[in-house]
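In the working numbering, each residue's number is its place in the sequence shown (first place is 1) plus 11.
Here the structure is laid out as structure tokens; the discussion comes afterwards.
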Amino acid sequence: MTPTELKQAWLAKWQGMLDDNVYRMGHPEAHRASCRWETRDMLEAGVIDELEKFEMDEQVDAAYWHAVEELATAAEGYMFGGQYDVVHRATSKCIGRITANTYYSASGPGADGFDGKVVGDKPDLRLIFRCNKETWAINGLLLTASSGDLYDLMQTGQVIDGKVYPIICDADTYRALVDSAQVALEEHNFEGYRKARPLLRSARFARCTDCLDHFGWREDCLNCAGQGFIPKAGSQPTSFA
Ligand SMILES: [Zn+2]
12 MTPTELKQAW
22 LAKWQGMLDD
32 NVYRMGHPEA
42 HRASCRWETR
52 DMLEAGVIDE
62 LEKFEMDEQV
72 DAAYWHAVEE
82 LATAAEGYMF
92 GGQYDVVHRA
102 TSKCIGRITA
112 NTYYSASGPG
122 ADGFDGKVVG
132 DKPDLRLIFR
142 CNKETWAING
152 LLLTASSGDL
162 YDLMQTGQVI
172 DGKVYPIICD
182 ADTYRALVDS
192 AQVALEEHNF
202 EGYRKARPLL
212 RSARFARCTD
222 CLDHFGWRED
232 CLNCAGQGFI
242 PKAGSQPTSF
252 A
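Printed below as a string of structure tokens:
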């Protein structure tokens, strides 16, 4: 392979990674990191120069900020770093929990230490049980058993950088996080936003759909009483006034 051919092939590979929208929307931080590892390797191999790397990384960053802005207004759904209780909707009984995409039955895990795995990518996510290979579909935060019974995924925590954070149930904490995330978003501060994003998404609150937390509108908003955000359906925040 000539140096020109190598460069063309490597650029095509990188472009393919950049254009992988399913991965980008499902895992924006990981998408950005893997694209940037690629340009780092290309620079080290002498295939691109510093300026080319800079321009390519700028494209990756722009794709990241597009993705997270879109996701900020998207409906909530299963998060790969989330910890969930699995609650039978009809009886409110918790039958188990999911952590690190692994299911553990409340009645004690099986001989292998766990009882199931979450597999697939949105919108085709499934929980597959280990013992009988039964498959339950995951839509948003709703699990449908093969019997047709419905189970809710109630989030209890969120893993960021290997650390478990409890989900935010307190209105003041949520407000402070919304404000700091907004600054990080405007300044394109990747590190700051990367950490705030999963916490905002897993919080017991969501942006008010009437005033959209718009500074000029929320003051008179009846829907959120001027807060700019509202409790998510089915959640019981501890300090929402
Ligand atoms: Zn409002």
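Glycine included, every Cβ here is placed at the ideal spot set by N, Cα and C.
Small disclaimer: the values here were computed from a predicted structure and weren't measured.
Taking the beta carbon of residue i as the centre, do at least 16 other beta carbons fall within 10 Å, making it buried, or is it exposed?
i: Ala240; result: Note on residue identity: the sequence assigns Phe, not Ala, to residue 240. Flag for Phe240 reads buried.
i: Thr50; result: buried
i: Gln169; result: buried
i: Gly237; result: exposed
i: Leu233; result: exposed
i: Arg100; result: exposed
i: Ser213; result: buried
Could you give the residue range of the alpha helix (DSSP H) that holds residue i?
i: Gln238; result: Gln238 -> no alpha helix (DSSP H), and no H or E assigned at all.
i: Arg108; result: Careful: Arg108 lies outside any alpha helix (DSSP H), inside the beta strand (DSSP E) at 105–110.
i: Asp135; result: First-last for Asp135: 135–140, but that is the beta strand (DSSP E), not the alpha helix (DSSP H).
i: Arg215; result: Per DSSP, Arg215 belongs to no alpha helix (DSSP H) and is neither H nor E.
i: Asp30; result: Asp30 -> no alpha helix (DSSP H), and no H or E assigned at all.
i: Tyr185; result: 182–197
i: Gly227; result: 226–229
Reducing DSSP to helix, strand and coil, say where residue i ends up.
i: Val257; result: An answer regarding residue 257 cannot be provided, because it is not within the stretch 12 to 252 covered by the chain.
i: His77; result: helix
i: Lys144; result: coil
i: His38; result: coil
i: Gly203; result: helix
i: Leu54; result: helix
i: Asp60; result: coil
i: Lys18; result: helix
i: Met67; result: helix
i: Thr223; result: One point to set straight first is that residue 223 is Leu, not Thr, in the sequence displayed. Leu223: coil per DSSP, three-state reduction.
i: Leu164; result: strand
i: Asp132; result: strand
i: Asp72; result: helix
At what residues does the beta strand (DSSP E) containing residue i begin and finish?
i: Thr13; result: Per DSSP, Thr13 belongs to no beta strand (DSSP E) and is neither H nor E.
i: Leu153; result: 153–155
i: Thr113; result: 113–116
i: Gly93; result: 93–99
Can we count residue i as close to ligand 3, meaning its CB is less than 7 Å from some heavy atom?
i: Asn32; result: Within the structure as shown, ligand 3 is missing, the only ligands being ligand 1.
### Message
Count Cβ pairs between the segment 116–129 and the segment 191–201 that sit closer than 8 Å; are there 3 or more?
### Response
The count of Cβ pairs closer than 8 Å, one atom from the segment 116–129 and one from the segment 191–201, stays below three, leaving the stretches out of contact.
### Message
For the pair the segment 85–104 and the segment 158–178, tell me if three or more CB-CB distances fall below 8 Å.
### Response
Contact check between the segment 85–104 and the segment 158–178: three or more CB pairs, one atom from each, fall below 8 Å, which counts as touching.
### Query
With a cut-off of 8 Å, do at least 3 Cβ pairs link the segment 197–209 to the segment 135–146?
Three or more Cβ pairs closer than 8 Å define a contact, and the segment 197–209 falls short of that threshold against the segment 135–146.
### Query
Are the segment 68–84 and the segment 33–42 in contact at 8 Å, needing three or more beta carbon pairs?
Touching, per the Cβ criterion.
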